[in-house]
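First to last, the protein sequences are chains H and S.
Just add 101 to wherever you are in the first sequence, counting from 1, and you've got the numbering used here.
Just add 3 to wherever you are in the second sequence, counting from 1, and you've got the numbering used here.
Quick reminder that beta carbons are idealized off the backbone N, C-alpha and C, glycines included.
Just so it is clear, the structure is predicted and the values come from calculations on it, not from any experiment.
Everything on this sheet refers to the single structure shown next.
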Amino acid sequence: MSGEMGIGVSAPRTEDRRFITGRGRYVDDINLRSQQYAWFVRSPHPHAEVRGVDAADALKMPGVTAVLTGADMQADGVGPLPVAWGITSRDGSPAHEPEFPGLATDRVRYVGNPVAVVVAESRSQARDAAEMVNVDYGELESVASATAALEEGAPQIHEGAPGNLCFDWEWLPAAMAPDARANTDKAFKEAAHVVSLELVNNRLVPNAMEPRASLADFNTATGQLTLYTTSQNPHVNRLLLCTATLKMPEHKVRVVAPDVGGGFGSKIYHYAEELTVCWASRRLGVPVKWTAERSESFLGDAQARDHVTRVELALDAEARFTGLRVDTVANLGGWLSAFGPAIPTVFYAPLLAGVYRTPNIYVTVKGVFTNTTPTDAYRGAGRPEACYAVERAVDEAAVQLNMDPAELRRLNFIQPDEFPYQSPVGQLYDSGDFEGCLDLARKLNAYDEFSERRRQSEVRGKLRGRGMCFYIEACGAAPSQAAGQLGARAGLYEVATVRVHPTGSVQVLTGSHSHGQGHETTFAQIVAERLGIDFGNVEVVHGDTGEIPFGMGTFGSRSLAVGGTALYKAIDKVEEKGRKIAAHLLEAEADDIEFTEGEYRVAGTDRAVSFGDVALAAYVPHNYPLQELEPGLEETAFFDPENFTFPSGCYICEVEVDRQTGQVDLRDFVAADDFGNIINPMVVEGQVHGGLAQGIGQALLEHCLYTPEGQLLSGSYMDYCMPRADDLPNFVVATRCTPTPFNPLGVKGCGEAGAIGAPPAVINAVLDALRPLGVRQIDMPATPQAVWQAIEAARSGG
Amino acid sequence: MEIKGEQSLAHPREHVWAALIDPEVLGACVPGCQSFERVGENQYRAAMQADIGPVSARFAVEIRIADPDPPRSYRLEGSARAPVGFGRGQADVRLEEDGKGGTSLSYAAKLQLGGKLAQVGSRLLSGITRKIAANFFERFARVLDGKLPAGTAAKRTGESQFGTAMRRVFENRVLRWVALAVLIVLGALAFFLSLTW
Chain H
102 MSGEMGIGVS APRTEDRRFI TGRGRYVDDI NLRSQQYAWF VRSPHPHAEV RGVDAADALK
162 MPGVTAVLTG ADMQADGVGP LPVAWGITSR DGSPAHEPEF PGLATDRVRY VGNPVAVVVA
222 ESRSQARDAA EMVNVDYGEL ESVASATAAL EEGAPQIHEG APGNLCFDWE WLPAAMAPDA
282 RANTDKAFKE AAHVVSLELV NNRLVPNAME PRASLADFNT ATGQLTLYTT SQNPHVNRLL
342 LCTATLKMPE HKVRVVAPDV GGGFGSKIYH YAEELTVCWA SRRLGVPVKW TAERSESFLG
402 DAQARDHVTR VELALDAEAR FTGLRVDTVA NLGGWLSAFG PAIPTVFYAP LLAGVYRTPN
462 IYVTVKGVFT NTTPTDAYRG AGRPEACYAV ERAVDEAAVQ LNMDPAELRR LNFIQPDEFP
522 YQSPVGQLYD SGDFEGCLDL ARKLNAYDEF SERRRQSEVR GKLRGRGMCF YIEACGAAPS
582 QAAGQLGARA GLYEVATVRV HPTGSVQVLT GSHSHGQGHE TTFAQIVAER LGIDFGNVEV
642 VHGDTGEIPF GMGTFGSRSL AVGGTALYKA IDKVEEKGRK IAAHLLEAEA DDIEFTEGEY
702 RVAGTDRAVS FGDVALAAYV PHNYPLQELE PGLEETAFFD PENFTFPSGC YICEVEVDRQ
762 TGQVDLRDFV AADDFGNIIN PMVVEGQVHG GLAQGIGQAL LEHCLYTPEG QLLSGSYMDY
822 CMPRADDLPN FVVATRCTPT PFNPLGVKGC GEAGAIGAPP AVINAVLDAL RPLGVRQIDM
882 PATPQAVWQA IEAARSGG
Chain S
4 MEIKGEQSLA HPREHVWAAL IDPEVLGACV PGCQSFERVG ENQYRAAMQA DIGPVSARFA
64 VEIRIADPDP PRSYRLEGSA RAPVGFGRGQ ADVRLEEDGK GGTSLSYAAK LQLGGKLAQV
124 GSRLLSGITR KIAANFFERF ARVLDGKLPA GTAAKRTGES QFGTAMRRVF ENRVLRWVAL
184 AVLIVLGALA FFLSLTW
C-alpha cells in the first residue's frame, strides 16, 4: 500500500483540498468572544523624536477601549524586541544592538515605526481613532541609503553606533585564518587577469500572500496566554515572548500558527505588533486582534537584500580562479531585526566560494543603520546575494577572456571526487556533480543551437541573450554548535513525535511548520514508506505549541533535511519497539525479525504479524512483555545535524530584449537542480517554480525604493511590481541526485534554490543580449526603463 | 520633487496679478476650509477637509508668505498634516511681461510627501500636479478672457460656509496669498489622494 504514495511519488497534496475550497483556517479566520481590535499609529517620519502622544481626542471616539504607548509598555516592564544572532566586528567588538521597543519610547527610526496602539470594539473604530492620536514629533535629519549613511556628516541614527556602523566584519576572521587576507591580496598581485564589478543587490519586500496577523487571548482566571499568529516557528516566538519581551513563564503561553499563507522568511521574527497585542490583551483582559492591511506589510514586514558590493575575481593565465575579494555594504534598516545582522554575514560570506576551487577568498561586510524598515531573511537570505556576486563576476571574466561561460565554469568546478570539500570560507560541501548538472542544463537548453535562435530573434528585430548561473547554497540550518560559535542565540535542531494509534493509524507531531510547502503530504509519505501503512492513515500536526514538541520551525530550507530526519529517527524508534513487540507475539528473537512493507516477519519464514496488530498489542497489552517493555507506541526524536546540506544547480536563461522599449522577455528558462533524494517530485517542482518566480521578480520587476530621506515610495502594488504568470516562461525543470551523506534521507532542501539562482542567470542573459550595443553593466531590476537607459548611455558613449 | 511650469496669458501683467489675488477667482479652488486663523506676522493656520471621491482627510495646514513683490513675484511656503501623512512645499511664482502686451507666468514648486501619502501616491504626484496646474490655468485664462465669469466657479463648487468665512478672510490683502498657497500645497495632495485611494 505504501508504494502508491511512498517516497519518490508525486502524491497530490492533501492540504490543497482545504486551501482551494476556502476551508483553510488562518489567523484572521479565528474570532473569539469579546474580542477587540488593535490599530497601530505609525510614524510618518523616517527619523524623529517622539516628544509626546496626545490620546485625548482618540479616547473620546466611539468604541475605543484604550490607547497605549511605548511609555505604558515600558512601565509594565515589557522588554525590547530581541536580536537572535550576535555578530562580532573584526576588531573583536560586538555589533551594536540598540534596544528596539515594541512601541517607540523616545525616537522613531523608520517610516512605519509603531508609536502607539488603539484598541477598540471594531477594526474601523480602532482605525478611525488612530487618526485622532496626536503625536508630537521633532523631526530629525534622516538617510535611507547605506552608503550615504556611512559618509561623513550623515545623520546619526543610533548613539551607540558612530557613523551608523553596526559592525565591520570580516570572513574568515583573522583569528581563524590569519593569512586569508594576505594570501588573497597576493593572489591578486600575481593574477594574469582581474575582474572587478560594483553591484547593487536591490531591496525587496517579501509580500507573503497572507498579511501578518496576531490574535492574543489572555485568560485572567488561569493566567494563560494563547497567541494565534502568522509564524513560521511558533516555539521560537514563544521563547522570545517569554524570555525577552513579555517575560511570562513558558508553560503559561501557548502559541498557535495555524494555516499560514506564505512566509518566505518574513514570518520568522518576533514582531512589535505580535508583542503588542499580547501585552494589550494581558493588560486589558480581553482578546485583542490585529490584522495587517497590505500597506502595513510594506512598511512593517522585515525587508531584504539591499547590498552594495565590490567583487573582484583573480585568474591565472589558464583562466583558473586564484582569488576572490568581496567588500559589501549591507543596509540593516533603522533597528536590528531578529536575524538582521546574521543574514549579510554568516549566511552570506561562507557561500562565496560558489562551486569553484578558488583557493583564496577574503570578505568584508559593513552592516549599516539607515532610516528604513529593518532588513532580515527573505527566501535565500544571504545566499542569493553571494550567488549574485560570484556568478556575475564569473560571467564578466568569461566575457573579458572571450571564453564560453560554461567552459570557464567547468574549468573551475570542484570535482566529484573532492567531496566532502572544504571550502576556503568555512563550509564543508557534502556532495555534488556540477559537471553533470551543467551537461543536463545544456542539453535541456539545446545549448549548441543558440546562435540559430539568436539569428531568428534578430529577424524579429529582437536582441537575444543567454545567461547562466551555477549556484550552491547551504540548507538544513543548522549544526547547533557551529551556529552557536557563529553567534546564534538558539539551538537549530528539529524534533518529531510519531504517535501510533491502537488501530495503526499515525499522527506526526512535527516542530517544522508548513506555510505552503506541503509538509502534510511529504512527511506523511515518509511515514507511509517506512511503516508500510496507507498514506491516508497519517496525519501531520504542526504549528501549535500546545500539541507539538519544542521545535525550531521552518526557515532556510530546513524542514525536510532537519525536521524530516527527526521524523525518520522517530520512526526508527517506533520500528525498533514494534520489533520487540512482534518478537514477543511471534515467539522469536527480535534480531530474527525483519520489517518490510508493514509486516514484521521471522526471517526466512511465513510467520508474520502486521504493523497494525503490533500497534494494537502495544495499547491492549494482554499478550505483551510488560516486564521488559512499556506499553504504548509513541516515540520522539530530536535531530541536530552534523553539517549543513548543499543543494546546487545550473540555471540557463534566454531573453529577448526590445531595443526600442527596453522590454525584456524571458523566452526560456532551464533549471537543473541537485537536491539530493526527493520525497515528492511534484512538490519539489512547485518549490522550484515559486523560487524562480521570486528570483525573476528580483531580477526584472521588484524594487523597494525610498527617497534619500527614507520615505517609502514603492509602498503598494501600484509601485512595487510583483511577477505574474504572464511575466514568466514555461520553466523546464529537471534534477540530478547526489544524496547528502549528512542525513539518513539523503535530502538537501529545495525551497530557496530558485530565488538564489535565477537573478544572476537573468541578468547575465540581459547583459549578453545588450553586449553588442556596448552595455557592460546593469543593476537589478532590469526594468524597461533601466534597460533603455543603459542602451542610450552606451550609444552616447557613456 | 520639483515641479516647474509656465503659462502664457494674453493680458497685461497688472491684470493677471489682480486676478491672481482675487478671492472670487481663487476661492472656488480651495476645498472644505473649516477654520482659518492668523498666528503671527505672515503666518496662518488652517484646517481643511478634503472630501474628494472616497477620500476624507482632515489636513492641518500652516502657511507662510515670503517676499511678495507686486506685480512681479512672491514665494509661498506651506505644510499640511493629516493622519495619512504630510506634505510640505514651497512655490516661487513669477510674472513677466512678454513684450507683446501679454504676461508670462512661471512657477517653480518643491513638494515633499511623507507617510502614507508618499507610500501610495508619490509616483502620481507630478502627473496630478501638472494636471491640476493645467486645469487651473485653463480656467484662469478663461476668466481673464471674460469667457467665464469669476463668480461661476465659486458657485459651482461653492459651499456657503466657505463663502462666508473666506469673504471676511479676503478683506485682508495678505490673506489672499494664503488662498493660493493652499491651492498649491493642498490641491495636489487632495487630488492625487482621490486617485490613489
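Determine, using beta carbons only, whether S:K119 comes closer than 8 Å to chain H.
-> yes
Chain H contact residues for S:Q203, given Cβ-Cβ distances below 7 Å = There is no way to answer for residue 203 of chain S, as the model of chain S reaches only from 4 to 200.
Taking the continuous alpha helix (DSSP H) assigned at H:V387, which residues delimit it?
-> H:V387 -> no alpha helix (DSSP H), and no H or E assigned at all.
For the region 451–534 of chain H, list the beta strand (DSSP E) runs that are entirely contained and at least 3 residues long, ordered along the chain.
-> Qualifying beta strand (DSSP E) stretches, in chain order: 461–470.
Minimum Cβ-Cβ distance from S:G88 to chain H less than 8 Å | yes
Where the beta strand (DSSP E) through H:L767 begins and ends | 765–775
Run of the beta strand (DSSP E) containing H:D155, from where it starts to where it stops | 149–155 is the span of the beta strand (DSSP E), which, as asked, contains H:D155.
On the premise that H:T598 lies in contact with H:E735, defined as a C-beta separation below 8 Å, what is that separation, rounded to the nearest angstrom?
-> 7 Å
Note down, in chain order, each residue of its chain lying with its Cβ closer than 7 Å to the Cβ of H:A671, except the 5 sequence neighbours on either side.
-> A597, T598, V599, E736, T737, A738
Give the DSSP-derived three-state secondary structure of H:C805 in the structure shown.
-> coil
If you drop the 5 nearest sequence neighbours on each side, which residues of the same chain put their C-beta closer than 8 Å to that of H:V295?
-> For H:V295, where only same-chain residues beyond five positions count, the Cβ hits under 8 Å are F289, E413, L414, A415, L416.
Leaving aside the five residues before and after H:R313 along the sequence, list all residues of the same chain whose C-beta is less than 6 Å from its C-beta, in chain order.
-> T331, A393
Count the other CB atoms, across all protein chains shown, that sit within 10 Å of the CB of H:F120; report buried if there are 16 or more and exposed otherwise.
-> exposed
Neighbourhood of H:A139 by C-beta distance below 8 Å, restricted to the same chain and skipping five residues each side | V218, V219, V220, A227, E374, T377, V378, A381, V389, K390, W391
Name, going along the chain, the residues of the region 399–416 of chain H whose beta-carbon falls closer than 8 Å to a beta-carbon of chain S.
-> F399, L400
Considering only residues of the region 535–622 of chain H, which uninterrupted beta strand (DSSP E) runs meet the minimum length of 3 residues and lie entirely inside it, listed in chain order?
-> Fully enclosed beta strand (DSSP E) runs of 3 or longer: 564–573, 595–601, 607–611.
Drop a sphere of 10 angstroms on the beta-carbon of S:L23, count the other beta-carbons inside from all chains shown, and report buried for 16 or more, exposed for fewer.
-> buried
Assigned secondary structure, H:H294 (DSSP; H/G/I helix, E/B strand, else coil) = strand
Are any of the Cβ atoms in chain S nearer than 8 Å to that of H:E374?
-> no
Per DSSP, which residues does H:H932 bridge with? Please list them.
-> Since the first and last residues shown for chain H are 102 and 899, residue 932 of chain H lies out of range.
Helix or strand or just coil, what does DSSP make of H:Q325?
-> H:Q325 falls in the strand class under three-state DSSP.
Can you name the start and end residues of the alpha helix (DSSP H) that H:T429 belongs to?
-> Here H:T429 belongs to no alpha helix (DSSP H); instead the beta strand (DSSP E) covers 422–434.
Confirm, please, whether the CB-CB distance from H:C538 to H:L773 is below 8 Å.
-> One detail in the question is off: residue 773 of chain H reads as Ala in this sequence, not Leu. It is a contact, given that the beta carbons lie within the stated cut-off.
So, is the C-beta of S:V123 closer than 8 Å to a C-beta in chain H?
-> yes
Using DSSP with H/G/I as helix, E/B as strand and the rest coil, what is H:P861?
-> helix
Taking the beta strand (DSSP E) that S:E202 falls in, what are its first and last residues?
-> Since the first and last residues shown for chain S are 4 and 200, residue 202 of chain S lies out of range.
DSSP beta-bridge partners for S:F111?
-> Residue identity differs from the one stated: residue 111 of chain S is Ala in this sequence, not Phe. S:K7, S:D95, per the DSSP bridge assignment.
Would you mind listing the alpha helix (DSSP H) stretches within the region 645–694 of chain H that are 4+ residues and don't spill past its ends, in chain order?
-> Listed in chain order, the complete alpha helix (DSSP H) runs (minimum 4 residues) inside the region 645–694 of chain H are 666–687.
Indicate whether H:G483 and H:E595 have their beta-carbon atoms separated by less than 8 Å.
-> No, these two residues do not count as a Cβ contact at 8 Å.
For my contact list, H:V234 and H:V154 are in at a C-beta cut-off of 8 Å; report their separation, rounded to the angstrom.
-> The C-beta distance from H:V234 to H:V154 rounds to 6 Å, short enough to meet the 8 Å contact threshold.
Chain-ordered chain H contacts of S:L116 [CB-CB under 8 Å] | Q812
Is H:F624 helix, strand or coil by DSSP?
-> helix
Run the CB neighbour count on H:T604, radius 10 Å, all protein chains shown included, and call it buried at 16 or more, exposed below.
-> exposed
Using a Cβ-Cβ cut-off of 8 Å (strictly less than) and excluding sequence neighbours within five positions of H:I694, which residues of its own chain qualify?
-> Counting only Cβ-Cβ distances below 8 Å, and skipping sequence neighbours, we find R680, A683, A684, L687, Y701, R702, V703, A704.
Beta carbon proximity, H:E232 to chain S, threshold 8 Å = Proximity of H:E232 to chain S, defined by a Cβ-Cβ separation below 8 Å, is satisfied.
Which residue from H:F832, H:V765, H:Y807 puts its Cα closest to that of S:Q115?
-> H:Y807
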